[in-house]
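First comes the structure, then the notes that go with it.
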């Protein structure tokens with residue numbers, strides 16, 4: 017079974033703090049993703065990494081950065097947390113899609129509250 | 743912009759009925775299609791995948807794909823209250839970017 021873990025289930029931070037969200041997968045997947053999910057807005061892709069040290073901006077990268085130093089670990093960084101970054105953050109991983117298409121597997125999510 | 747559209751619902755069905763969830767997509771070159779289930783406060787979990795036109799059955803779930811009409815559907819037979827969740831349709835578009843395109847999700851309520 018694919019296992020994707022995230023460092024925290026719930027996190028409360030103050031405005032202006034630097035926040036690190038960690039994600040680890042154990043399936044040797046090349047691709048890793050960070051999404052945020054808000055009511056009525058669905059899943060929105062923040063950043064995507066297709067290899068170690070490689071990253072690509074998603075739909076809403078502003079205010080976020082990422083780091084992937086090892087294949088199994090993908091970190092999301094909020095440089096200076098703001099209240100509008102209060103959200104559910106979901107990490108996912110996958111192999112590159114082949115003809116039959118592997119898919120993404122999600123971690124349990126981190127519910128971040130910025131006060 | 744490659745899009746995946748779903749009716750947000752809520753779709754309400756009585757226990758034991760068939761629930762039908764629909765999804766349309768804009769990229770005609772899409773090859774792989776997935777249904778995820780997401781319980782409130784939890785992360786999405788994969789329940790069905792389909793790659794070829796026609797039906798694919800897995801227990802009480804049947805995924806249907808019609809590439810000519812660009813829609814994919816999920817049927818849940820003998821719906822149970824435990825099926826109450828949001829169902830996300832996801833598509834790998836053409837171009838092999840590795841990024842899934844998700845619909846907004848349909849909320850299903852199964853009433854006892």
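Residue numbers (the working numbering), protein chains in the order written: chain F, 17 to 131; chain C, 743 to 854. C-beta atoms are modelled at their ideal positions from N, C-alpha and C, and glycine is treated no differently.
Taking C-alpha atoms, which residue in the options lies nearest to residue i?
i	options	result
residue 744/C	754/C, 766/C, 801/C and 803/C	766/C
residue 746/C	852/C, 848/C and 853/C	848/C
residue 126/F	30/F, 120/F and 105/F	105/F
residue 792/C	817/C, 845/C, 774/C and 827/C	774/C
residue 780/C	801/C, 854/C and 826/C	826/C
residue 797/C	811/C, 782/C and 815/C	815/C
residue 75/F	129/F, 60/F, 100/F and 44/F	60/F
residue 42/F	70/F, 128/F and 121/F	121/F
residue 770/C	749/C, 808/C and 782/C	808/C
residue 804/C	846/C, 829/C, 818/C and 854/C	818/C
residue 824/C	852/C, 768/C, 786/C and 802/C	852/C
residue 19/F	108/F, 56/F and 128/F	108/F
residue 839/C	71/F, 58/F, 56/F and 36/F	71/F
residue 57/F	836/C, 854/C, 830/C and 837/C	830/C
Could you name the residues of the same chain whose beta carbon sits closer than 7 Å to that of residue i, not counting the 5 residues immediately before and after it, in chain order?
i	result
residue 759/C	821
residue 788/C	776 and 778
residue 846/C	748 and 750
residue 811/C	none
Does residue i get closer than 9 Å to chain F when you measure Cβ to Cβ?
i	result
residue 799/C	no
residue 846/C	yes
Below 8 Å on the Cβ atoms is my contact criterion, and I expect residue i with residue j to pass it. Report the Cβ-Cβ distance as a whole number of Å.
i	j	result
residue 850/C	residue 761/C	6 Å
residue 48/F	residue 84/F	7 Å
residue 103/F	residue 52/F	4 Å
residue 101/F	residue 123/F	Incorrect: roughly 18 Å between the Cβ atoms, too far for contact.
residue 63/F	residue 46/F	About 15 Å; that fails the 8 Å criterion.
Using a Cβ-Cβ cut-off of 9 Å, state whether residue i counts as contacting chain C.
i	result
residue 142/F	This structure cannot speak to residue 142/F, because chain F is shown only from 17 to 131.
residue 92/F	no
residue 120/F	yes
residue 66/F	yes
residue 103/F	no
residue 81/F	no
residue 84/F	no
residue 128/F	no
residue 98/F	no
residue 61/F	yes
residue 106/F	yes
Could you name the residues of the same chain whose beta carbon sits closer than 8 Å to that of residue i, not counting the 5 residues immediately before and after it, in chain order?
i	result
residue 34/F	93, 94, 95, 96 and 97
residue 69/F	84 and 85
residue 801/C	none
residue 786/C	778, 779, 780 and 830
Within its chain, find whatever has a CB closer than 6 Å to the CB of residue i; leave out the 5 residues flanking it on each side and keep chain order.
i	result
residue 89/F	40
residue 30/F	131
residue 23/F	38
residue 87/F	68
residue 833/C	746, 767, 772, 775 and 843
Looking at the ligand GDP, does it come within less than 8 Å of residue i, judged from the CB to the closest heavy atom?
i	result
residue 846/C	For the ligand GDP, the structure offers nothing, since it holds no ligand at all.
Using a Cβ-Cβ cut-off of less than 9 Å, give me the residues of the region 781-797 of chain C that come near chain F, in sequence order. 783, 784, 785, 786, 787, 788, 791 and 793
Positions along the region 816-849 of chain C whose CB lies within less than 9 Å of some CB in chain F: 830, 832, 834, 838, 839, 840, 841, 842, 844, 845, 846 and 847
For the region 744-778 of chain C, which residues have a beta carbon sitting closer than 7 Å to at least one beta carbon of chain F? Contact residues of the region 744-778 of chain C toward chain F are 773, 774 and 776 (C-beta to C-beta distance below 7 Å).
Please identify, using Cβ separations under 7 Å, the residues of the region 22-53 of chain F that lie next to chain C, in order along the chain. Within the region 22-53 of chain F, 47 place their CB atoms closer than 7 Å to a CB of chain C, listed in sequence order.
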